[in-house]
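Structure first, commentary second.
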Amino acid sequence: SDILVLNGPNLNLLGTRQPEVYGSTTLAMIEDACRDRAQTLRYTVTCVQSNHEGELIDAIHAARGRHVGIIINAGAYTHSSIALMDAIASVEIPTVEVHLSNIHAREEFRHRSYIAPVSLGQICGFGATGYLLAMEALAVHLSKGAA
Ligand code: DQA
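Written out as C-alpha cells, the structure reads:
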C-alpha cells in the first residue's frame, strides 16, 4: 500500500531557501528518506510537489482508492487554504500534517493551520526528520485499523 507525500509551494527550493529556518536538506533528499523509511515499514510512497493550490487539491482527489495515507506539508497554503482543508476532509484518507519549522514559535500568522483540524495530528519543528516521524505515526495508525 502506498502513501502520498505531498509538498506545497516553495518547498521545491529546500536546500537553498532560508537554510537558517528550513535547513540545508533538499526536497529530493527528504523524498529519498521517505522512500527508505516506507520500505522498512512495508509501504511504498508517491511524492508530489506543486506550487499551485489547484494541483495540490487534484492530487488529494486522485489519492482516493490509490493511497492509504497522506503526509502533507502545504507550505504557506497551510495558513490560508480552506479549499485544501475541504479537499482533505472530502477524501477521508488519514492525513498527517508536517512542517520543517516550528510554526508556533514564528509569526502569529503561521500559528493558524487549516490543515490541522482535518489531520490526525501535526508534526512541526523537527526539520526533515518530521516527515519520517509522520510516516511512523501514520503506520501505527494504519496498523491499528487493520488489527
Ligand atoms: C512551512 C511553514 C510555513 O509557514 C511556510 O510558509 C512554509 C514552510 C514549514 O515546513 O516549516 O512554506 O510549511
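Residues 2 to 148 (UniProt numbering) make up the sequence shown, in order.
Each residue gets a CB set at the ideal place from its N, CA and C atoms; glycine is no exception.
Computed from a prediction, not measured in an experiment: that's the story for all the values here.
Cβ distance (whole Å) where residue i is taken to contact residue j below 8 Å
{"i": "residue 66", "j": "residue 143", "result": "Incorrect: roughly 15 Å between the Cβ atoms, too far for contact."}
{"i": "residue 99", "j": "residue 74", "result": "5 Å"}
{"i": "residue 107", "j": "residue 80", "result": "That belief does not hold up - the Cβ atoms of residue 107 and residue 80 are roughly 11 Å apart, past 8 Å."}
{"i": "residue 62", "j": "residue 92", "result": "7 Å"}
{"i": "residue 23", "j": "residue 82", "result": "Going by Cβ atoms, the distance from residue 23 to residue 82 rounds to 20 Å, so no, they are not a contact pair."}
{"i": "residue 134", "j": "residue 124", "result": "5 Å"}
{"i": "residue 54", "j": "residue 84", "result": "6 Å"}
{"i": "residue 95", "j": "residue 121", "result": "6 Å"}
The ligand DQA heavy atom lying under 8 Å from the CB of residue i
{"i": "residue 10", "result": "yes"}
{"i": "residue 107", "result": "yes"}
{"i": "residue 76", "result": "yes"}
{"i": "residue 82", "result": "no"}
{"i": "residue 97", "result": "no"}
{"i": "residue 113", "result": "no"}
{"i": "residue 125", "result": "yes"}
{"i": "residue 47", "result": "no"}
{"i": "residue 104", "result": "yes"}
{"i": "residue 6", "result": "no"}
Neighbourhood of residue i by C-beta, 6 Å cutoff - its chain only, sequence neighbours within 5 removed
{"i": "residue 46", "result": "4, 6, 35, 36 and 39"}
{"i": "residue 126", "result": "103"}
Coil, strand or helix - residue i by DSSP
{"i": "residue 45", "result": "strand"}
{"i": "residue 19", "result": "coil"}
{"i": "residue 5", "result": "strand"}
{"i": "residue 61", "result": "helix"}
{"i": "residue 55", "result": "helix"}
{"i": "residue 116", "result": "coil"}
{"i": "residue 126", "result": "coil"}
{"i": "residue 148", "result": "In this predicted model, residue 148 has a pLDDT of only 49, less than 50, meaning its place in the structure is not dependable enough to derive any value."}
Contacting residues, own chain, Cβ-Cβ under 8 Å from residue i (five flanking each side not counted)
{"i": "residue 77", "result": "9, 10 and 11"}
{"i": "residue 13", "result": "28, 50 and 52"}
{"i": "residue 86", "result": "115, 116, 118 and 119"}
Contact with chain B by residue i, beta-carbon distance below 9 Å
{"i": "residue 28", "result": "In summary, chain B is missing from the structure at hand, where a single protein chain is found."}
Nonlocal neighbours in the same chain, by C-beta distance under 7 Å from residue i, ignoring five residues either side
{"i": "residue 25", "result": "16"}
{"i": "residue 110", "result": "80"}
{"i": "residue 18", "result": "11"}
Next item on the list: Report the residue ranges of all alpha helix (DSSP H) runs contained in full by the segment 67-109; include only those spanning at least 4 residues, in chain order.
Entry: Those alpha helix (DSSP H) runs which fall completely within the segment 67-109 and span 4+ residues are 83-92.
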